[in-house]
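S.K.: One structure coming up, written as structure tokens, with questions to follow.
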Amino acid sequence: MAKVTSAPPKCWAVIAGGGTAGHVSPGLAIAQALVDAGHGAESIHYVGSERGIEARLVPESGFALTLLPGRGIKRKLTLDNVGAAWGLVRAFVHAYRLLGRLQPRVVVALGGYASVPAAFAAILRRIPVVVAEQNAVPGLANRVVGRFAKACAVSFAGTALPRSVLTGNPVREEVRTLDRPTARLVARAAYGVEEAQVLVAAFGGSLGARRINDAVLGLAESWRDRGDVAIRHVIGELDWDRLAERVAALTDSTGPAPSGLRYTAVRYEDDMPSLYAAADVAVCRSGASSVAELAVVGLASVLVPLPGAPGDHQTANARALVDAGAAMLVADATL
1382 MAKVTSAPPK CWAVIAGGGT AGHVSPGLAI AQALVDAGHG AESIHYVGSE RGIEARLVPE
1442 SGFALTLLPG RGIKRKLTLD NVGAAWGLVR AFVHAYRLLG RLQPRVVVAL GGYASVPAAF
1502 AAILRRIPVV VAEQNAVPGL ANRVVGRFAK ACAVSFAGTA LPRSVLTGNP VREEVRTLDR
1562 PTARLVARAA YGVEEAQVLV AAFGGSLGAR RINDAVLGLA ESWRDRGDVA IRHVIGELDW
1622 DRLAERVAAL TDSTGPAPSG LRYTAVRYED DMPSLYAAAD VAVCRSGASS VAELAVVGLA
1682 SVLVPLPGAP GDHQTANARA LVDAGAAMLV ADATL
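Next up, the structure:
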């Protein structure tokens, strides 16, 4: 059964999609922009999946949320897809009923599992659908939904979607309005980083990135005696337990002397604007939200595209910053 939090009887917009922070953050940025335009927060409803990070992030942002059952269908033939297809049918039924109750003026499809049943429920109810595509190469969900959408908002010129409008990728207000020079001293003090130190911010998205995590931790171990460098390492959920022992060796009282490398590791970074303000360089994947936020705040980066990403979209995303001289591209296999 779909899980619902504080659903109003009617709403202005339903924002659907998620799974990872890369989908959810633009959705929340759109929701906040609607509030800034005069629509009440209670008139905006988010639709996500039970397995996605939106289950935590959306309620924290103050918007109503419905979580649809099921999971995505795998691209290869497998028996798991039988159950996944049934879950998709169930999700569509829940979405169809929800839209009938809310009667929104528009449904915004972000991509990801939940966007498909929500978008097709909207199409069947003759509710306008707008696709918001974050990546340079559109994902499967948005390619399918885009055929029926009134418009497709794209983040990169040349993104192949019908009726596309170049809007850029929506960025959270707290990132968009960040004044790095002003916030830098306060943020670095909070992290215990001296002004003379070079702060490397390493992160791999909400779930983490195994190759980046291993490379950054290996670098930290070889730089134990370097007092001119600090590393803030956002490990993510998937690798946190696996790397706990090595992290402890770098951070406990038997670790490097105070004059050595300052290494801190966290499972998830709740305050990315402060990390952007404090850092001198970022090492990360080139998901659409990361690329957009790095561009907005003006932080130099080393981008490591996720190998095997659909359509190699992370490499295409990274090219925008590399071509502008704002980033260096490093292949995952070379780490």
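Letter by letter, the sequence shown follows residues 1382 to 1716 in our numbering.
Where is the CB? At the ideal position from N, CA and C, for every residue including glycine.
Can you tell me whether Ser1545 is helix, strand or coil according to DSSP?
M.R.: strand
S.K.: For Glu1435, which option in Tyr1657, Leu1491, Gly1668 and Ile1504 has the closest C-alpha, if you only look at C-alpha atoms?
M.R.: Leu1491
S.K.: DSSP three-state call for Leu1446: helix, strand or coil?
M.R.: strand
S.K.: Who are Phe1584's beta bridge partners in DSSP?
M.R.: Under the DSSP definition of a beta bridge, Phe1584 partners with Val1615 and Cys1665.
S.K.: Near Val1678, which residues of its chain fall below 7 Å by C-beta distance, leaving aside the five closest residues on each side in sequence?
M.R.: The beta carbon of Val1678 sits closer than 7 Å to those of Val1556, Leu1559, Arg1561 and Tyr1657, all from its chain and outside the five residues before and after it, given in chain order.
S.K.: Measure the beta-carbon distance from Pro1691 to Gly1433 and round it to whole angstroms, keeping in mind my assumption that it falls under 8 Å.
M.R.: Actually they do not touch by this definition, with Cβ atoms about 17 Å apart.
S.K.: Taking all protein chains shown into account, decide if Gln1484 is buried (16 or more other Cβ within 10 angstroms of its Cβ) or exposed.
M.R.: With a threshold of 16 other beta carbon atoms within 10 Å, Gln1484 falls short and is exposed.
S.K.: With respect to the alpha helix (DSSP H) encompassing His1694, which residues constitute its N-terminal and C-terminal limits?
M.R.: His1694 to Asp1704
S.K.: Using the rule of at least 16 other Cβ atoms within 10 Å of the residue's Cβ for burial, across every protein chain shown, is Val1615 buried or exposed?
M.R.: buried
S.K.: Helix, strand or coil for Gln1475? Go by DSSP, reduced to three states.
M.R.: Checking the sequence shown, residue 1475 turns out to be His, not Gln. If DSSP states are grouped into helix, strand and coil, His1475 belongs with the helices.
S.K.: Cβ atoms of Ala1476 and Val1535: under 8 Å apart, would you say?
M.R.: no
S.K.: Would DSSP call Val1395 helix, strand or coil?
M.R.: strand
S.K.: Going by beta carbon distance, what residues of the same chain come within less than 6 Å of Ser1682, once the five residues before and after it are set aside?
M.R.: Ala1663, Leu1675 and Ala1708
S.K.: Compute the Euclidean distance between the alpha carbons of Thr1717 and Pro1407, then round it to the nearest angstrom.
M.R.: Given a span of 1382 to 1716 for the chain in the structure shown, any question on residue 1717 remains unanswerable.
S.K.: Who are the Cβ neighbours of Arg1528 in its own chain at under 7 Å, not counting the five residues just before and after it?
M.R.: Pro1543
S.K.: Can you tell me the Cβ-Cβ gap for Ala1397 and Ala1541, rounded? I've got them flagged as a contact below 8 Å.
M.R.: The pair is not a contact, with the Cβ atoms about 22 Å apart (cut-off 8 Å).
S.K.: On a CA-only basis, which of Arg1627, Ala1699, Leu1479 and Cys1392 is nearest Ala1596? Give me that one, please.
M.R.: Arg1627
S.K.: Cβ of Val1579 within 8 Å of Cβ of Val1610?
M.R.: Using a Cβ distance threshold of 8 Å, Val1579 and Val1610 count as a contacting pair.
S.K.: From which residue to which residue does the beta strand (DSSP E) around Glu1514 run?
M.R.: Val1510 to Glu1514
S.K.: Can you give me the start and stop residues for the beta strand (DSSP E) that Tyr1649 sits inside?
M.R.: That residue, Tyr1649, is in no beta strand (DSSP E); it is neither H nor E in DSSP.
S.K.: Answer with buried or exposed for Ala1625, where buried requires no fewer than 16 other C-beta atoms within 10 angstroms of its C-beta.
M.R.: exposed
S.K.: Using a 10 Å radius around the Cβ and a threshold of 16 neighbouring Cβ atoms, would you call Val1463 buried or exposed?
M.R.: Because Val1463 sits at a pLDDT of 47, beneath the cut-off of 50, its placement in the model cannot be relied upon, and the point is left open.
S.K.: Since I believe Arg1613 is in contact with Thr1645 (beta carbons under 8 Å), could you give me their beta-carbon distance rounded to a whole number of angstroms?
M.R.: That belief holds up - the Cβ atoms of Thr1645 and Arg1613 are roughly 6 Å apart, short of 8 Å.
S.K.: Let me check understanding here. Comparing Cα to Cα, which of Glu1554, Val1487, Gly1493 and Ala1571 lies closest to Ala1503?
M.R.: Val1487
S.K.: Taking C-alpha atoms, which residue in Gln1515, Glu1650 and Phe1473 lies nearest to Leu1505?
M.R.: Taking the Cα of Leu1505 as reference, the smallest distance to any Cα among Gln1515, Glu1650 and Phe1473 is reached at Phe1473.
S.K.: Who are the near neighbours of Ala1568 in its chain, counting only those whose CB is closer than 8 Å to its CB and skipping five residues on each side?
M.R.: Ser1655, Leu1656, Ala1658 and Ala1659
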